[in-house]
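Enquirer: Going by numbering that gives the first Met the number 0, the first residue of the sequence shown is number 0, and it counts up by one from there. The structure under discussion is supplied below as structure tokens; questions concerning it will follow.
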Amino acid sequence: MIPSQMLKGTLEGCVLAILRQEERYGYEISQRLEQYGFGKVPEGTIYPLLLRLEKRGSITASFRASPEGPQRKYYALTDLGQQELAAFFRHYQELTKAVDELLKMTGGDLHA
0 MIPSQMLKGT LEGCVLAILR QEERYGYEIS QRLEQYGFGK VPEGTIYPLL LRLEKRGSIT
60 ASFRASPEGP QRKYYALTDL GQQELAAFFR HYQELTKAVD ELLKMTGGDL HA
């Protein structure tokens, strides 16, 4: 399982990446993250993050009927969100490259 402090800095970008595929509601986003190996991300983390992204204009939200009960709030990526996602990918690749180089130069085991 990924430690929460490490996850915190990358979760926004990962949520944007999930929403790039298609509109999703909060619980569905959480399930996707779990399927990709992030472990269980608590609602207390997902929903405030979605609210921040919505307030910033990175995503939009709309309510739709659900076959299993009350309406669900679906989130979709905006043009701003697409730009932020592209920046996230660039920054993440830079970070990964730098960490890999550091570990290689200091004798760190990349496959531990």
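Glycine included, C-beta positions come from ideal geometry on N, C-alpha and C. Being a predicted model, the structure only gives us computed values, none of them experimental.
Using 10 angstroms around the beta-carbon of V14, count the other beta-carbons present and answer buried if the total reaches 16, otherwise exposed.
Expert: By the neighbour-count criterion, in which 16 or more other beta carbons inside 10 Å mark a residue as buried, V14 falls on the buried side.
Enquirer: What's the gap between the Cα of F37 and the Cα of S3?
Expert: 10 Å
Enquirer: Should E27 be listed as close to the ligand HEM, given that the test is whether its C-beta is under 7 Å from any heavy atom?
Expert: You won't find the ligand HEM in this model; it holds no ligand whatsoever.
Enquirer: By the 10 Å Cβ neighbour count, where 16 or more other Cβ atoms means buried, how is L94 classified, buried or exposed?
Expert: exposed
Enquirer: Who are the near neighbours of S57 in its chain, counting only those whose CB is closer than 7 Å to its CB and skipping five residues on each side?
Expert: Correct list, in chain order: L15, T77, L79, G80 and E83.
Enquirer: Would you say Y24 and Y73 are within 8 Å of each other, going by their C-beta atoms?
Expert: yes
Enquirer: Is DSSP giving S57 helix, strand or coil here?
Expert: In the structure shown, S57 sits in coil (DSSP, three-state: anything other than H, G, I, E or B).
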